[in-house]
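Here the protein sequences come in this chain order: A and B.
Quick note: to get this note's numbering, add 457 to the position in the first sequence (first position is 1).
Quick note: to get this note's numbering, add 457 to the position in the second sequence (first position is 1).
Every residue gets a Cβ at the ideal spot worked out from N, C-alpha and C, and that includes glycine.
Reading through the structure tokens given below for one structure.
There are 2 protein chains.
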Amino acid sequence: MRATVLYGPRDVRLDEVPDPKILRSTDVLVRVTAACVCGSDLWPYRGVNTPPEPKRIGHEFVGTVDEVGSEVRTVKPGDFVIAPFAVSDGTCVHCRNGIHTSCAHGAWWGSEDEFGLPVDGGQGEAVRVPMADGTLVTTPERPDDAMLPSLLTLSDVMGTGHHAALAAEVRAGSTVVVVGDGAVGLCAVLASRRLGAERIIAMSRHADRQAVAREFGATDIVSERGEEGVERVKELLGGIGADAVLECVGTEESMRQSLDSTRPGGRVGYVGVPNGGPELPIRKMFGDNITVGGGVAPVRAYLPELLADVLTGTIDPGRVFDLELPLDKVAEGYAAMDERRSIKTLLRT
Amino acid sequence: MRATVLYGPRDVRLDEVPDPKILRSTDVLVRVTAACVCGSDLWPYRGVNTPPEPKRIGHEFVGTVDEVGSEVRTVKPGDFVIAPFAVSDGTCVHCRNGIHTSCAHGAWWGSEDEFGLPVDGGQGEAVRVPMADGTLVTTPERPDDAMLPSLLTLSDVMGTGHHAALAAEVRAGSTVVVVGDGAVGLCAVLASRRLGAERIIAMSRHADRQAVAREFGATDIVSERGEEGVERVKELLGGIGADAVLECVGTEESMRQSLDSTRPGGRVGYVGVPNGGPELPIRKMFGDNITVGGGVAPVRAYLPELLADVLTGTIDPGRVFDLELPLDKVAEGYAAMDERRSIKTLLRT
């Protein structure tokens with residue numbers, strides 16, 4: 458079969474690789490229908506912590522079950538499934554606590570599982586899914602083609618935006634600022650609207666992303682950044698900052714802007730992967746009673762609830778995809794996102 | 458009148474000072490019945506950020522109203538009142554949000570108010586209380602003498618321990634670790650029990666403090682510190698750490714121990730004044746989804762609720778006082794706490 462391999466900075470290729478096989482009785486094989494490129498895939502693509510050896514990549518995919526191991530109970534051949542960006546058993550104490558990303562037996566796509574067996578990347582034609590009963594979520598029936606993009610966002614970005622909103626305790630009537638206008642930031646806007654936020658300020662300076670943010674429920678757009686951006690937010694929110702700020706970037710600058718945009722007693726929910734730092738300024742947090750929560754999103758925990766809203770059409774997060782390519786154009790997909798010509802790129806197999 | 462003045466490291470004296478007067482129509486004068494020494498008073502006493510000039514000190518007191526300004530509505534002469542450790546108007550947006558410590562017109566005892574008028578310290582015979590309607594809480598009747606210690610804890614330590622527990626979302630069934638066995642840590646144990654925690658582990662290596670912790674509801678005592686302490690906590694909690702860790706010290710070491718004792722998806726509630734730092738390690742927080750919340754406690758917000766429980770005898774936080782001295786022995790009160798001969802010292806006027 459063919460799968461995506463990252464060779465080095467800005468060198469990503471669709472390679473011929475061995476077909477996956479059932480290796481353990483709890484595995485299933487999934488034929489991938491659609492996968493996509495994540496903002497976090499761009500870090501190694503751009504040369505930040507690029508693996509020294511060629512490496513399979515991709516952690517968001519949906520598809521159809523081809524074959525199941527003898528102990529698999531909840532998934533059967535022909536089922537349409539959504540894979541969250543982390544493998545989890547669904548039964549350990551961390552999974553029961555809803556923190557599937559800390560699963561005692563978990564693994565990451567494009568890596569190795571706890572037995573040292575290779576775990577396929579998601580940007581390929583097929584994937585061996587370990588601990589399939591814990592990891593995968595099936596749809597009640599085979600979805601329409603038009604539904605695919607929204608279902609695919611449940612692999613990562615929609616669940617991650619939702620995690621930011623929950624961590625910042627967005628609720629009915631909240632005032633919210635979203636820092637970051639990538640797919641996760643846009644999904645954080647949508648998640649905030651879904652949770653009943655009254656005011657949602659999206660920080661964005663790109664017309665295409667502003668348009669999606671408005672569609673998703675942003676009531677205001679602020680294009681200024683840094684201190685100017687903070688001032689503008691405060692002007693819009695009675696001078697004091699927001700109840701909830703959703704940090705969806707992961708740089709020191711975006712975290713500072715987030716903390717400065719939060720009212721005393723408010724909360725920052727962060728899901729931007731902290732890029733080499735930054736440490737948090739505790740004295741500011743202490744004086745203003747600002748809570749900081751979030752982290753790597755346990756999207757598996759949120760999948761059933763968000764899936765229900767996608768299937769009824771209550772939310773349409775698939776709007777974040779503005780470029781669709783066949784899998785053999787994966788290199789162009791990376792380039793388009795790297796050059797910000799695309800918010801998020803969907804790859805059809 | 459006489460009031461406590463900090464002259465320099467380990468030099469605290471009861472001085473003759475001018476009698477306080479009503480300076481604004483929203484002031485009241487309070488004749489102090491009892492005050493106390495706070496762990497945070499020990500920092501300047503020990504030479505950390507000691508003020509360059511002699512300075513009035515103390516921020517916890519209860520007493521009787523002597524005189525009220527013409528605009529005061531909720532307090533009258535003869536009322537018994539509890540003063541929280543910060544002055545607040547009770548009407549600005551931050552006070553309405555429950556964050557009285559960020560009051561738009563607030564002030565600190567032993568400092569200056571927004572008009573540049575001196576605000577008395579609490580360890581004296583009398584105090585001018587600015588914005589008395591917002592700041593003070595009255596008891597329904599004059600309390601028994603035996604009730605005084607518990608009422609006095611509502612000025613600071615009991616509300617501060619409660620804030621740590623709320624910030625860490627302690628609730629029915631929670632597993633809790635309390636780092637710090639000073640008066641605030643002990644009150645955090647009591648607050649956790651009051652909120653329904655199932656398991657409360659107090660970190661303490663002092664027999665007298667362990668005894669109070671047990672009385673307050675600690676189910677386990679861990680005397681080890683650092684990594685050993687973390688291991689012992691995990692042994693007691695199924696190997697994964699606590700739902701809620703209450704950090705009541707404020708050093709880098711205690712914060713690290715707190716983060717390491719928290720289970721993935723758990724919360725650190727911190728009220729230890731961060732002593733010159735420390736910055737928070739965001740990558741650990743991110744990977745384990747650990748939330749950090751807390752700060753300078755808005756005890757005014759909690760006073761009515763906690764007062765009700767003190768008056769009915771549901772909680773008895775006054776047990777943290779193990780030394781009682783007349784005000785003119787204030788220097789001995791500081792020394793006793795500094796040398797850890799006393800958990801917390803009550804000063805009678």
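With a minimum length of 3 residues, the unbroken runs of beta strand (DSSP E) contained wholly in the region 477–539 of chain A fall at 485–493, 518–525. One alpha carbon belongs to Val787 (chain A), the other to Gly723 (chain B), and they sit about 39 Å apart. Nearest neighbour of His557 (chain A) by Cα position, chosen from B:Asp745, B:Thr771, B:Pro774, turns out to be B:Asp745.
Per DSSP, reduced to three states, the secondary structure at Val474 (chain A) is coil, with no helix or strand assignment.
When DSSP states are grouped into helix, strand and coil, Arg585 (chain A) belongs to the strand group. Neighbours of His551 (chain A) in chain B, taken as residues at a C-beta separation under 9 Å, are given in chain order as Ile697, Arg720, Pro721, Gly722. In the DSSP assignment, Pro761 (chain A) falls within the unbroken alpha helix (DSSP H) covering 756–768. A distance below 6 Å between beta-carbons, with the five flanking residues on each side excluded, links Gly630 (chain A) to the following residues of its chain, in chain order: Glu655. Among the CB atoms of chain B, one or more fall inside 7 Å of the CB of Glu736 (chain A). Membership of Thr748 (chain B) in any alpha helix (DSSP H) is not indicated; the residue belongs instead to the beta strand (DSSP E) covering 748–751. In the DSSP secondary-structure assignment, Glu569 (chain A) is bridged to A:Pro575. When the beta-carbon positions are compared, Asp590 (chain A) and Val529 (chain A) come within less than 7 Å of each other.
Put simply, of B:Glu524, B:Pro606, B:Val544 the residue whose alpha carbon is nearest the alpha carbon of Leu803 (chain B) is B:Pro606. Under the Cβ criterion of 7 Å, Thr708 (chain A) is not counted among the residues facing chain B. Against Ala624 (chain A), the close residues of chain B are Asn746, Thr748, in the order they occur along the chain (beta-carbon pairs closer than 9 Å). Distances from the CA of Glu517 (chain B) to each of B:Ala603, B:Pro511, B:Asp613 were compared; the closest alpha carbon is that of B:Asp613.
In this model, Thr748 (chain B) and Ile514 (chain A) are separated by some 30 Å (Cα to Cα).
For Thr610 (chain A), the enclosing alpha helix (DSSP H) covers residues 605–610.
Interface annotation, Pro534 (chain A): not in contact with chain B, CB-CB separation never under 7 Å.
In the DSSP assignment, Ile657 (chain B) is bridged to B:Val633. Residues of chain A with a Cβ closer than 9 Å to the Cβ of Val753 (chain B) are, in chain order, Phe743, Gly744, Asp745, Asn746. If you draw a straight line from the Cα of Leu486 (chain B) to the Cα of Thr708 (chain B), it is about 37 Å long. Ile556 (chain A) has a beta carbon lying within less than 7 Å of a beta carbon in chain B. With its beta carbon less than 7 Å from one in chain B, Ser559 (chain A) belongs to the interface. In this structure, Asp546 (chain B) lies away from Met604 (chain B), with their beta-carbon atoms at least 7 Å apart. Across the set B:Ile772, B:Gly639, B:Pro534, the C-alpha of B:Pro534 shows the shortest separation from the C-alpha of Arg599 (chain B). Within the region 460–491 of chain A, no residue has its Cβ closer than 7 Å to any Cβ of chain B.
Residue nearest to Pro508 (chain A) within the set A:Tyr464, A:Pro731, A:Gly726 is A:Tyr464 (criterion: CA-CA distance). Counting only the Cα atoms, Val636 (chain B) lies some 15 Å from Arg650 (chain B). The Cβ of Arg776 (chain B) sits no closer than 7 Å to any Cβ of chain A. Nearest CB-CB separation between Arg740 (chain B) and chain A: below the 7 Å threshold. According to DSSP, residue pairing for Ala788 (chain A) in a beta bridge does not occur. Taken atom to atom, the span from the alpha-carbon of Gly579 (chain A) to that of His619 (chain A) is near 22 Å.
Contact annotation: Thr676 (chain B) and Ile697 (chain B) have beta-carbon atoms that are not nearer than 7 Å. Annotation for Leu609 (chain A): Ala491, Ala492, Cys493, Glu517, Phe518, Val519, Ile539, Gly775, Phe778, Leu803 place their beta carbon closer than 8 Å to its own, counting only its chain and skipping 5 residues before and after.
Under DSSP, Arg651 (chain B) takes part in no beta bridge, so it has no partner.
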